Amino acid sequence: MDSRLSDSGRFTRAVAVRAVIVAGLTYLAIQLFATTHFYATAVLVAGVAALVAVDMGSVISQAARAAERDLERLAIEGSDVPTAAAMSTRLGFSADRAAAVLNAARAERLRQTDFLLGLLDTVTAALFVVAPDGKVTLVNRAARALAATAVADFQAIPSFGPAVARSLLALAPGAREVITLADGQRMLASAARFAAPGHALQRLISLQRIAGELDAVELRAWQDMANVLAHEMMNSLTPIASLSESLEQLLRSNQEASGAVEVIKRRSRGLMDFVERYRAIADLPTPRPQIMAVAALLSDIDRLLAPTFLEKHIECRARVEPPDAAVNADPQLLEQAVINLLRNAADAVRDSRPARIDISCRTDAEFVSVEIADNGCGVPQANRDQVFVPFFTTKAGGSGIGLNLARQVALAHGGQLVFRANEPRGSVFTLTLPAANAAALKSASRDQRSSLPEPASAAPAAAPRE
Amino acid sequence: MSQTSNSVLVVEDDPDVRRTAQVALGYHVARVEAVESLDLLEGALAATVFDAVLLDMNFVIGERSGAAGLDALARVHAFDPTLAVVLMTAYGGVTLAVDALKRGAADFVLKPWRNDKLVAAVTAAAQLTHARRKQETLQLDALERSAIERALTRHHGNISSAAIALGISRAALYRRMSKHGL
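So, in structure tokens, the structure goes:
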């Protein structure tokens, strides 16, 4: 501090001394000129004063140039205390205050950048900023999770696959498109283009996970519509179906009339069968989730289906990783969903030799994914969008409700069920459900054990009445 | 299925469905009456002793919860706790059926129905009504018998005192004692 003060004092002194000399010499020159006749001396004195003034100017301009350089350095390097000190030295005024202001502004800018980056990380959509050469320049957390690996080249992100990556890069700014990732998940993609100062034109690609939300909305809308339709249909069908049965009995003696009525009866029965199937999927009970172990669920189901698999020469293997993986789900609904998926797989591998079904389980912090992969006939490209459409079936005698029901179960739990083609052949269905941690599973099973003996107070003895 | 002596009340707002139910049940039930609105429910129940009620759950257009039907079910039971009720609806399935059965419905029929199933449900409901009524009579008999026994014990077998205590004549007490084999 002292040395800086003395440095700035030196500059001030240098300027002040010169100013005093210039002022003194100028006064002397004027006096000489006005009161004496030593004009030559006066001119000489004025000349010296001018020389000193020029020197003073150069001292000031030198300091100003140095300060200018310091300011530039300060602007480039930021919180550089020696620079600020040097400025103070050279300029002799409170440049350190200017530096403090600049530093505060810079720190604020850094804080804002951190804030914005943090904000981007909380956005659930995956955001990729891609340079014109296809290099990824910025990603948020969701994008990092989606890409799963360190991303440099957008086209090389494995979860997209080259075809999807190409179509994403080709998205027109402002356009939105639903894309299907390599693992079968559907996402809403949108693109924007922006130019930042000093950067080439960048492309922002955002991917929003839509399966859960969109499917649930779609499903609700579909159910509402179907319910309204169903009311009309079923109320109208009631008299037709019932009266044709009654009439058939009445008209037994009249062959022609009873034949005609028989047709009405048969067709209305057909409609009623359809209605029965519709009811199976239109009225999914509200799940009553409880914490359950995936391994236990799969072994229960395996016991149930093992005879079928044995009879059809299907090899079914299950691998649960970690072994204590647990989900928070309605046991009956989940069992039904998995059985439907396994039955579907068993149908698909009917003509495969060897016929294989692989069940695997993966967990992360929030979700447990159960994958059911088969090496069966697969689903033709044209039908892939219709896999979960209710009543859609490619099997003779298929009802088209099994997979839809399984998907409804997944959605009702806040999970999802997605389909993708297996390599080299067959299908993979991935059922994702909210995870429950192993500790919760242990305490849940302890609770169940401890609640087995009924507390005596729960069943009051029947009091004899007068 | 042979015709029974049962009488059934159908409560249904759709005239075609009402008529259909009457026709379908007509071969198997002695008497089928029908009312089109819940306002007529108690009047019909007061006029005839029915063996079963076939009750539609949805009386309000666009209303699908079946609340109207569940409310009517409670009204039937308030009127006659022994009368078994079969609910019917075009909606729902397991959830509504479970709810209806929990609230005391004897059975649950989905529209459109198959005639044999409808008849079976209504016949079973009528049998349930009969069983409940018989049970009620038995309970009444049992109460009567124990009251008489207690009165006789209290009055050390003195018929006249027991009859006075029970508030009936001596002759009436003798009749009831012989009925209960006392």
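So the sequence lines, in the order shown, correspond to chains X and P. Quick note on my numbering: the first sequence kicks off at 166 and runs consecutively. Quick note on my numbering: the second sequence kicks off at 943 and runs consecutively. Even for Gly, the Cβ is constructed at its ideal location relative to N, Cα and C. As the structure is a computational prediction, the values presented were derived from the model and not from experiment.
Between the alpha carbons of Val503 of chain X and Ile537 of chain X, how many angstroms are there, rounded? Locating residue 503 of chain X in the first sequence gives position 338, where the first residue counts as 1. Locating residue 537 of chain X in the first sequence gives position 372, where the first residue counts as 1. When rounded, the distance between both Cα atoms is 9 Å.
Which residue marks the beginning of the beta strand (DSSP E) containing Arg973 of chain P, and which one marks its end? Taking the first residue of the second sequence as position 1, residue 973 of chain P is located at position 31. Per DSSP, Arg973 of chain P belongs to the beta strand (DSSP E) from 971-977.
Per the contact definition of three or more C-beta pairs closer than 8 Å, is the stretch 1052-1066 of chain P in contact with the stretch 1074-1082 of chain P? No: the two stretches stay apart, fewer than three of their Cβ pairs being nearer than 8 Å.
Within the 8 Å Cβ cut-off, does Asn948 of chain P reach chain X? Residue numbering aside, residue 948 of chain P sits at position 6 when the second sequence is read from its first letter. So no, Asn948 of chain P is outside the interface.
Endpoints, beta strand (DSSP E) assigned at Leu1029 of chain P: Within the second sequence, residue 1029 of chain P is the residue found at index 87, counting from 1. Taken as a continuous stretch (DSSP letters only), the beta strand (DSSP E) holding Leu1029 of chain P covers 1026-1031.
Does Lys300 of chain X come out as helix, strand or coil in the three-state DSSP assignment? Within the first sequence, numbered from 1, the residue matching residue 300 of chain X stands at position 135. Residue state for Lys300 of chain X is assigned as strand, using DSSP reduced to three classes.
Please confirm whether Leu576 of chain X and Phe594 of chain X have their CB atoms less than 8 Å apart. Residue 576 of chain X sits at position 411 when you count from the first residue of the first sequence. Residue 594 of chain X sits at position 429 when you count from the first residue of the first sequence. No, the pair does not count as a contact, with Cβ atoms beyond the cut-off.
Provide the residue span of the beta strand (DSSP E) that contains Met352 of chain X, from first to last. Residue 352 of chain X sits at position 187 when you count from the first residue of the first sequence. Counting along the chain, the beta strand (DSSP E) containing Met352 of chain X begins and ends at 351-359.
Pull out every residue of the stretch 428-441 of chain X whose Cβ sits closer than 9 Å to any Cβ of chain P, in chain order. In summary, the residues of the stretch 428-441 of chain X whose CB is separated from some CB of chain P by less than 9 Å are Ser433, Arg434, Leu436, Met437, Val440, Glu441, in the order they occur in the chain.
Sorted by chain position, which residues of the same chain lie with C-beta nearer than 8 Å to Phe203 of chain X's C-beta, five sequence neighbours on each side aside? Sequence index remark: in the first sequence, residue 203 of chain X carries index 38 (1-based). Correct list, in chain order: Leu197.
Report the residue ranges of all beta strand (DSSP E) runs contained in full by the stretch 284-352 of chain X; include only those spanning at least 3 residues, in chain order. Considered as a whole, the stretch 284-352 of chain X harbours 291-295, 301-304, 341-345 as its complete beta strand (DSSP E) runs of no fewer than 3 residues, in chain order.
Report, in whole angstroms, the separation of the C-beta atoms of Ala356 of chain X and Pro338 of chain X, which I expect to be a contact under 8 Å. Residue numbering aside, residue 356 of chain X sits at position 191 when the first sequence is read from its first letter. Residue numbering aside, residue 338 of chain X sits at position 173 when the first sequence is read from its first letter. Contact flag correct, Cβ pair sits at about 6 Å.
Run down chain X in chain order and give the residues with a C-beta less than 7 Å from the C-beta of Thr962 of chain P. Locating residue 962 of chain P in the second sequence gives position 20, where the first residue counts as 1. Result: Thr403, Pro404, Ser407, Leu408.
Can you tell which of X:Pro297, X:Trp387, X:Val304, X:Arg521 has its C-alpha closest to the C-alpha of Glu588 of chain X? Counting from one through the first sequence, the residue named residue 588 of chain X turns up at place 423. Of the listed residues, the one whose Cα sits closest to Glu588 of chain X is X:Arg521.
Select from the stretch 1049-1065 of chain P all residues with a C-beta closer than 9 Å to any C-beta belonging to chain X, and list them in chain order. Per Cβ criterion, the list reads Leu1052, Lys1053, Pro1054, Trp1055, Arg1056, Asn1057, Asp1058, Leu1060.
Residues in the same chain with beta-carbon distance under 8 Å from Ala395 of chain X, minus the five sequence neighbours each way, listed in chain order, please. On the first sequence, position 230 is the one that residue 395 of chain X refers to. Once the five neighbours on either side are set aside, the close Cβ partners of Ala395 of chain X are Val440, Tyr443, Ala447.
Between the Cα of Asp1013 of chain P and those of P:Thr962, P:Val952, P:Leu983, P:Phe992, spot the shortest distance and give me the residue it belongs to. Reading the second sequence from its first residue, position 71 is the one you call residue 1013 of chain P. It is P:Leu983 whose Cα lies nearest to the Cα of Asp1013 of chain P.
CA nearest to the CA of Phe280 of chain X, picked from X:Gly299, X:Asn305, X:Ala291: Here residue 280 of chain X corresponds to residue number 115 of the first sequence, with the count starting at 1. For Phe280 of chain X, the closest alpha carbon among the candidates X:Gly299, X:Asn305, X:Ala291 is that of X:Asn305.
Does the CB of Ala1032 of chain P have a neighbour CB from chain X at under 8 Å? Looking up residue 1032 of chain P in the second sequence gives position 90. The beta-carbon of Ala1032 of chain P is placed less than 8 Å from the nearest beta-carbon of chain X.
Inter-stretch contact at 8 Å, needing at least 3 Cβ pairs: the stretch 263-270 of chain X / the stretch 327-345 of chain X: Output reads no: the stretch 327-345 of chain X does not touch the stretch 263-270 of chain X.
Identity of the residue in P:Ala1089, P:Leu980, P:Leu1025, P:Thr990 nearest Ala1009 of chain P by Cα: Sequence index remark: in the second sequence, residue 1009 of chain P carries index 67 (1-based). Of P:Ala1089, P:Leu980, P:Leu1025, P:Thr990, the smallest CA-CA separation from Ala1009 of chain P is found for P:Leu980.
Collapsed DSSP secondary structure at Ser244 of chain X in the structure displayed: Taking the first residue of the first sequence as 1, we reach residue 244 of chain X at position 79. Bear in mind that the predicted position of Ser244 of chain X carries a pLDDT of just 49, short of 50, making it unreliable; the figure below should be weighed with that in mind. Coil.
With DSSP as the reference, please indicate the residues paired to Val950 of chain P in a beta bridge. Within the second sequence, the letter at position 8 stands for residue 950 of chain P. Bridge pairing for Val950 of chain P: P:Val974, P:Ala994 [DSSP].
By Cβ distance, which residues of its chain are closer than 7 Å to Gln388 of chain X, with the 5 residues on each side in sequence left out? Your numbering for residue 388 of chain X matches position 223 in the first sequence. Here Gln388 of chain X has Ala447 as same chain residues with Cβ atoms under 7 Å from its own Cβ, once five neighbours each way along the sequence are excluded.
Would you report the Cα separation of Arg453 of chain X and Thr473 of chain X, rounded to the nearest angstrom? Numbered from 1 along the first sequence, position 288 holds the residue referred to as residue 453 of chain X. Numbered from 1 along the first sequence, position 308 holds the residue referred to as residue 473 of chain X. Looking at the two C-alpha atoms, the distance is approximately 29 Å.
Go ahead and label Phe1021 of chain P buried or exposed: buried means 16 or more other beta carbons lie within 10 angstroms of its beta carbon, across all protein chains shown. For the purposes of this step, residue 1021 of chain P is taken as residue 79 along the second sequence, with counting starting at 1. Here Phe1021 of chain P is exposed: its Cβ has fewer than 16 other Cβ atoms, across all protein chains shown, within 10 Å.
Which value, in whole angstroms, describes the spacing of the CA atoms of His1072 of chain P and Ala1066 of chain P? For the purposes of this step, residue 1072 of chain P is identified with residue 130 of the second sequence, where counting begins at 1. For the purposes of this step, residue 1066 of chain P is identified with residue 124 of the second sequence, where counting begins at 1. Roughly 10 Å separates the two Cα atoms.
8 Å contact criterion, which Ser423 of chain X and Arg432 of chain X should meet: CB distance rounded: By 1-based counting over the first sequence, the position of residue 423 of chain X is 258. By 1-based counting over the first sequence, the position of residue 432 of chain X is 267. About 15 Å separates the CB atoms of Ser423 of chain X and Arg432 of chain X; that is not less than 8 Å, and the two are not in contact.
At what residues does the alpha helix (DSSP H) containing Asn587 of chain X begin and finish? For the purposes of this step, residue 587 of chain X is taken as residue 422 along the first sequence, with counting starting at 1. Here Asn587 of chain X belongs to no alpha helix (DSSP H), and DSSP marks it neither H nor E.
In angstroms, rounded to a whole number, what distance separates the CA positions of Leu402 of chain X and Ala1042 of chain P? Translated into the one-based positions of the first sequence, residue 402 of chain X becomes position 237. Translated into the one-based positions of the second sequence, residue 1042 of chain P becomes position 100. Spanning the two alpha carbons is a distance of roughly 23 Å.
Using the Cα positions of Arg262 of chain X and Thr314 of chain X, report the straight-line distance between them to the nearest angstrom. Reading the first sequence from its first residue, position 97 is the one you call residue 262 of chain X. Reading the first sequence from its first residue, position 149 is the one you call residue 314 of chain X. Whole-angstrom Cα-Cα distance: 46 Å.
Minimum Cβ-Cβ distance from Ala395 of chain X to chain P less than 8 Å: Mapped onto the first sequence, residue 395 of chain X falls at position 230. Closer than 8 Å: yes.
Give the secondary structure of Thr595 of chain X by DSSP, where H, G and I count as helix, E and B as strand, and everything else as coil. Looking up residue 595 of chain X in the first sequence gives position 430. DSSP places Thr595 of chain X in strand when its eight states are reduced to three.
At a Cβ threshold of 8 Å, is Ala1016 of chain P touching chain X? Working through the second sequence from its first residue, we reach residue 1016 of chain P at position 74. With its beta carbon at least 8 Å from every one in chain X, Ala1016 of chain P lies outside the interface.
Is Ile225 of chain X helix, strand or coil by DSSP? In the first sequence, the residue the question calls residue 225 of chain X occupies position 60. Residue state, collapsed to three classes: helix.
With a CB to CB cut of under 8 Å and the five nearest residues on each side skipped, what residues in its chain are close to Asn505 of chain X? Taking the first residue of the first sequence as position 1, residue 505 of chain X is located at position 340. Around Asn505 of chain X, the same chain offers Gly567, Leu568, Leu570, Ala571 as residues with beta carbons nearer than 8 Å, after the five sequence neighbours per side are excluded.
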